[in-house]
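So the numbering used here is basically just the index in the sequence shown, starting at one, shifted up by 5.
Below is one structure, written out as structure tokens; the observations come after it.
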Amino acid sequence: EAVMRRKKERICRPKQPKTMQPNERPKRLSPRAMAEHFIHAKVDPQDVYKKFINTSKGWGVFAKRKFQKFDFILEYRGILRQKNEMDVLQRKGKIQDTYLYDFSHNGPKCLDASHDDGSLGRLVNDSKDFPNAKMRIFEMENKPPRLCLFATKTIEMYD
6 EAVMRRKKER ICRPKQPKTM QPNERPKRLS PRAMAEHFIH AKVDPQDVYK KFINTSKGWG
66 VFAKRKFQKF DFILEYRGIL RQKNEMDVLQ RKGKIQDTYL YDFSHNGPKC LDASHDDGSL
126 GRLVNDSKDF PNAKMRIFEM ENKPPRLCLF ATKTIEMYD
């Protein structure tokens with residue numbers, strides 16, 4: 006009987022993982038691995054959505070699920086430019102400053118998300134008084150820096 010059990014155990018194979026859609030959130034990955042997954046997939050996670058707030062604020066991004074502190078939320082996608090290049094384009098009137106994100110990484114940079122590619126990162130409106138998320142510079146080997154939004158505290162569903 007013991008021999009039979011061992012044979013059955015050897016024959017049992019683990020279930021094949023189901024094929025994931027690019028915008029599905031993988032289970033049990035670190036926030037860093039989660040960010041890398043969505044950066045490579047070039048899509049936003051399914052657990053955030055956009056909603057019109059009002060004419061003053063415009064659109065905002067909200068949670069479909071509870072996020073824990075440090076969780077990856079989404080990427081702020083756009084064209085990475087040198088800050089001085091962006092200043093010239095703005096002076097010439099070729100770029101509006103509505104969807105620009107200035108940051109410093111080996112010198113002043115700007116992420117230009119003025120072209121609406123359908124991504125949600127450009128719509129993030131966070132409270133300056135009570136922020137629940139923070140944009141962080143995200144580095145990957147041999148790749149330009151990316152900007153990713155991470156939770157700074159628990160974010161409840163629909164926040």
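Quick reminder that beta carbons are idealized off the backbone N, C-alpha and C, glycines included.
Note that the structure is a prediction, hence the values are computed from the model and not measured.
Notebook entry, point to check: Using the C-alpha atoms, what's the distance from HIS120 back to SER35?
Noted result: 30 Å
TODO: Tell me where the beta strand (DSSP E) around ARG151 begins and ends.
DONE: Its beta strand (DSSP E) spans residues 151-156.
For this session: Using DSSP bridges, identify the partner residues of LEU125.
Result: According to DSSP, LEU125 bridges with nothing at all.
Next on the checklist: Whole angstroms are fine: how far does the CA of HIS45 sit from the CA of LEU105?
Outcome noted: 22 Å
- Task: List the endpoints of the continuous alpha helix (DSSP H) containing ASP107.
- Result: Element bounds for ASP107: not the alpha helix (DSSP H) but the beta strand (DSSP E), 105-109.
Item to complete: Apply the 10 Å Cβ neighbour rule to MET145 and answer buried if 16 or more other Cβ atoms are within range, or exposed otherwise.
Response: With fewer than 16 other CB atoms across the displayed protein chains lying within 10 angstroms of its CB, MET145 is exposed.
Compare the C-alpha of LEU85 against each of LYS99, LEU116, ASP76 and name the closest. In terms of CA proximity to LEU85, LEU116 leads the group LYS99, LEU116, ASP76.
- [ ] To the nearest angstrom, report how far apart ARG70 and CYS153 are at their CA atoms.
- [x] In a straight line, the C-alpha of ARG70 is about 18 Å away from that of CYS153.
Open item on the list: Tell me which residues share the same chain as PRO113 and place their Cβ nearer than 8 Å to its Cβ, disregarding the 5 neighbours each side in the sequence.
Closed with: Around PRO113: GLN87, LYS88, ASN89, ASP107.
- Task: List the DSSP bridge partners of GLN87.
- Result: LYS114
| field | Contact with chain B by PRO36, beta-carbon distance below 9 Å | value | This model lacks chain B altogether, as it is built from one protein chain only.
ILE78 vs ASN130 beta-carbon contact at 9 Å: No; because the gap between Cβ atoms is not below 9 Å, this pair is not in contact.
Worksheet entry | Limits of the alpha helix (DSSP H) - the one that PHE77 falls within | Careful: PHE77 lies outside any alpha helix (DSSP H), inside the beta strand (DSSP E) at 77-81.
So is the beta-carbon of VAL53 under 8 Å away from any non-hydrogen atom of the ligand FAD?
By its list of ligands, the structure shown contains no ligand whatsoever, and the ligand FAD lies outside what it can speak to.
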